[in-house]
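**Student:** My questions all concern the structure below.
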Amino acid sequence: MSAVSEPMGCRQAQIGDFKNLRERVLTVMDRMVSLGLCERASCLEWREKLETNAFNLVVVGQFKRGKTCLINALLGAEVLPVSVIPLTSVVTVLVYSETKGAKVFFSNGKTADIPVEAVFDYVTETGNPNNVKGVSEVTVLYPSPYLRGGVRLVDTPGVGSVYAHNTDVAYRFLPRSDAALFLLSVDQPVSHAEVEFLKDVREYAARIFFLLNKTDYLAEEEVHRALTFATATLEEIMGPENIRIFPVSAKLGLRAKQSGSQEELRASGFSLFTGALDRFLARDKGKVLLESVCGNLLKALAQKRLETELKLKSLATPVEQIREKISAFESRKGQLLEERATFDVLFSSELQRFVISELDRGIAEMKKRLTSEMGEQFDAFGESKKELSLKELNDSLEQFVSEKIRERFSAWRELEEERLSGAFDEVCARFAAKVNAMTDSLLNFSSRLFSVPFETVEAESLGASESSFHFKLRGDTVGLDMLTDSLTQIVPAYISGKWKFRRLRQWAIRTADKMIRSKRKRHMLEMIEMQAGRIRSDFLDRLNRSASLFRRRIAGNMDTVAEAIARAIESGIDLGLRGEEEAARIQAGLSEQLAGLELLRSDLARVGEELARQCEK
């Protein structure tokens, strides 16, 4: 029997429409590039944004909530292994492909192609205990219709499992998601680990879809009580405006898709959930991106139209008048450049405040939190190792500190990077808006100067990939080198079994034990400080490079527009010297170009109208 198609109907109506509109926009873009109506580099950047646009769904939840079963239900097949013990810290990313397969990415940079059936050996604690194989990520290629529209499913290890690092992985991936599927279940109340996780990720609430799984375990009335309890609990954490829980049965959903049972699919609750998810992905993310690209293309067309109109007008304007207008234009441009210089000083000042209020504050908070948490963990770990010899204790504490600091800084660094990137982009966006307003002011001044029409187009800047806080960190900033201190390396030999006096030897052992703990704890604090300093240095370097790139980009755009307008105005003097016949031929060509610009503008306008209609559905 064929698989159930009901969820796909919504997907085809949402993400499918996005793809169709995207192709139309790309066609217009290609025509603009071929006609020289758009800067090639910018169009290539916009094209890449559209073509690589993916809908990243990160699946998070506590161990044994049914996350893997949910993913299999979305795909309509048992693709991922359902394990009875926690997964490792390995992330599994599922993407569309016509042929099945999987690729393993190792921490040492190597890769390996494996069959889908072998994924178990790399992502589960049974097949890869403590990640001894050094796997950093596994990508599963699968021909599921659910993935065809650009959806990427990211399966993260369980929050709050016995493997603490698993929670860190879930934290790191949430900021990268377009939506997160947070799984609860009717057979267990909301746990302390889940509560703590949600407290930290409240800022991403708009992206989180809550699912109450395993509804097939209970009667309808019992499911209702579980839903009421879960809703009340989550509202206390996230706020009532951010909560909507979808009761589902991943097991029934998977079975329904495999059997083709529409009745069982409805009973599973999957139709309601996937419909809401698809609308969110296509309307929220896809629509915003298309609108941004269309707006930037319309802005480029408006500028080209003004340049063409200015050329036409200058053909019919006496040379002396053109020179007067050029003088007025240059005067206005000079004023705006002076204003831009003032804004550049303000931008530098704002960046300094950014370093203090965002970068340094975040690092200080991290150091304070980590010092407190690791201090308690260090003491507890040391107590658990009381039976070890002094050398074994020293080595265990050293390894404990290294691993914990590496884990915590790795997780924090990625979250902090997302936060700083967003805050930095906000600073850049404010100043970009001011400089762009100056550019529009120059365009409007030019249109009034020659009495030609010009429509200012509001468009969100798509230059974030070049203005963003995006440079990668140098090397491995969480690689750890223990600070050297020879004292406790000597003590174990000094109080070896050769000692004859038992009480004195016991006293010496206790003293050495305290010294070892004290030294390693001191090293832990020094290493926290060292790692924070290294990351601050890297972040600051990236910030300065990104700011420099942003300045060049935003100033260069204004200069390019100013030069194009000046050339358009001055062209009338040159063209007027070529004779009436040549001027008439050029005039006809410019009129034809205006007609072509209008056709392109109309095409983009229709795309915008269809986007608006889809949003109203």
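So the sequence shown is numbered by the working numbering: it starts at 999 and just counts up by one.
Positions of the beta carbon are idealized from the N, C-alpha and C atoms, including for glycine.
1. Just how far apart, CA to CA, sit F1227 and F1207?
2. Quick one: which unbroken beta strand (DSSP E) runs of 3-plus residues sit fully inside the region 1220-1282? Chain order, please.
3. Is there contact between the region 1180-1191 and the region 1218-1233, where contact requires at least three CB pairs shorter than 8 Å?
4. Would S1312 and I1320 qualify as a contact pair, given that the criterion is a beta-carbon distance under 7 Å?
5. Measuring only the C-alpha atoms, how far is I1069 from V1057?
6. Could one say the Cβ of F1407 lies closer than 7 Å to chain C's Cβ atoms, at least one of them?
7. Is K1285 buried or exposed, if buried means 16 or more other CB atoms sit within 10 Å of its CB?
8. Keeping to the same chain, check which residues put their C-beta closer than 8 Å to that of F1104; ignore five residues upstream and five downstream.
9. In the DSSP assignment, what are the bridge partners of N1434?
10. Using the Cβ count rule (16 or more neighbours within 10 Å means buried), how would you classify T1066?
11. At what residues does the beta strand (DSSP E) containing G1148 begin and finish?
12. Rounding to the nearest angstrom, what Cα-Cα distance links G1251 and E1076 in this structure?
13. Apart from the five residues on each side of it in sequence, which residues of its chain come closer than 6 Å, Cβ to Cβ, to F1053?
14. Tell me whether L1395 sits in a helix, a strand or coil according to DSSP, three-state version.
15. In chain order, which continuous runs of the alpha helix (DSSP H) of length 4 or greater are located wholly inside the region 1001-1075?
16. Report, in whole angstroms, the separation of the C-beta atoms of V1091 and T1137, which I expect to be a contact under 8 Å.
17. Pairing CB atoms from the region 1398-1410 with CB atoms from the region 1363-1381, are three or more of them under 8 Å?
18. Do you know whose CA, among G1273, L1523, A1224, L1073, lies nearest M1372's CA?
19. For the alpha helix (DSSP H) holding G1360, just list the boundary residues, first then last.
20. To which residues does DSSP link F1208 through a beta bridge?
21. Pick helix, strand or coil for K1131, following the three-state DSSP scheme.
22. Taking Q1060 and E1192 to be in contact with their CB atoms under 8 Å, please state how far apart those CB atoms are, rounded to whole angstroms.
23. Mapping DSSP to helix, strand and coil, what is G1125?
24. Among N1051, D1028, L1033, L1055, which residue has its Cα nearest to the Cα of L1042?
25. Measuring straight from C-alpha to C-alpha, what distance separates L1078 and R1367?
26. For a quick check, are the C-beta atoms of L1055 and R1020 less than 7 Å apart?
27. Assign S1445 to one of two classes, buried (16 or more other C-beta atoms within 10 Å of its C-beta) or exposed (fewer than that).
28. How is F1104 classed by DSSP in three states: helix, strand or coil?
29. To the nearest angstrom, report how far apart I1243 and T1097 are at their CA atoms.
30. Starting from the Cα of N1392, find the closest Cα among I1514, T1122, S1600 and give me that residue.
31. Below 8 Å, can you find three or more Cβ-Cβ pairs linking the region 1338-1352 to the region 1582-1601?
32. Rounding to the nearest angstrom, what Cα-Cα distance links S1419 and G1034 in this structure?
33. Compute the Euclidean distance between the alpha carbons of T1213 and E1123, then round it to the nearest angstrom.
34. I need the boundaries of the beta strand (DSSP E) containing T1090, first residue and last residue.
**Tutor:** The answer reads as follows:
1. Annotation: F1227 to F1207 spans about 17 Å, alpha carbon to alpha carbon.
2. The beta strand (DSSP E) runs lying completely inside the region 1220-1282 and spanning 3 residues or more are 1243-1245, given in chain order.
3. Yes, since at least three Cβ pairs between the region 1180-1191 and the region 1218-1233 fall closer than 8 Å, the two stretches touch.
4. Taking the C-beta atoms as reference points, I1320 is found nearer than 7 Å to S1312.
5. I1069 and V1057: Cα-Cα distance of roughly 8 Å.
6. Here there is only one protein chain, and chain C is not present.
7. Result: buried.
8. Cβ within range, chain order: A1110, K1131, G1132, V1133, S1134.
9. Beta-bridge pairing links N1434 to no other residue.
10. Classification of T1066: buried, given that the 10 Å Cβ count is 16 or more.
11. No beta strand (DSSP E) contains G1148, which DSSP labels as neither H nor E.
12. Cα to Cα, the separation comes out at about 12 Å.
13. Contacts found: G1148, V1149, D1176, L1279.
14. If DSSP states are grouped into helix, strand and coil, L1395 belongs with the helices.
15. Along the length of the region 1001-1075, whole alpha helix (DSSP H) runs at least 4 residues long occupy 1004-1032, 1038-1049, 1065-1073, reported in chain order.
16. The Cβ separation is near 5 Å, so the contact holds.
17. Yes: the two stretches touch, three or more of their Cβ pairs being nearer than 8 Å.
18. Among G1273, L1523, A1224, L1073, the Cα nearest to that of M1372 is on L1523.
19. 1359-1382 is the extent of the alpha helix (DSSP H) around G1360.
20. According to the DSSP secondary-structure assignment, F1208 is paired through a beta bridge with F1180, I1243.
21. Coil.
22. Contact flag correct, Cβ pair sits at about 6 Å.
23. Here G1125 carries a coil assignment [DSSP, helix/strand/coil].
24. The option with the nearest alpha carbon to L1042 is D1028.
25. R1367 has its alpha-carbon roughly 37 Å from the corresponding atom of L1078.
26. Against a cut-off of 7 Å, the Cβ pair of R1020 and L1055 comes out as no contact.
27. S1445 is buried by the Cβ-count criterion.
28. In the three-state reduction of the DSSP assignment, F1104 falls in the strand class.
29. Roughly 35 Å between the two C-alpha positions.
30. Closest option to N1392, Cα to Cα, is I1514.
31. No contact exists between the region 1338-1352 and the region 1582-1601.
32. Pairing S1419 with G1034, the inter-Cα distance amounts to about 33 Å.
33. Cα-Cα distance, rounded: 28 Å.
34. DSSP places T1090 inside the beta strand (DSSP E), whose first and last residues are 1089-1094.
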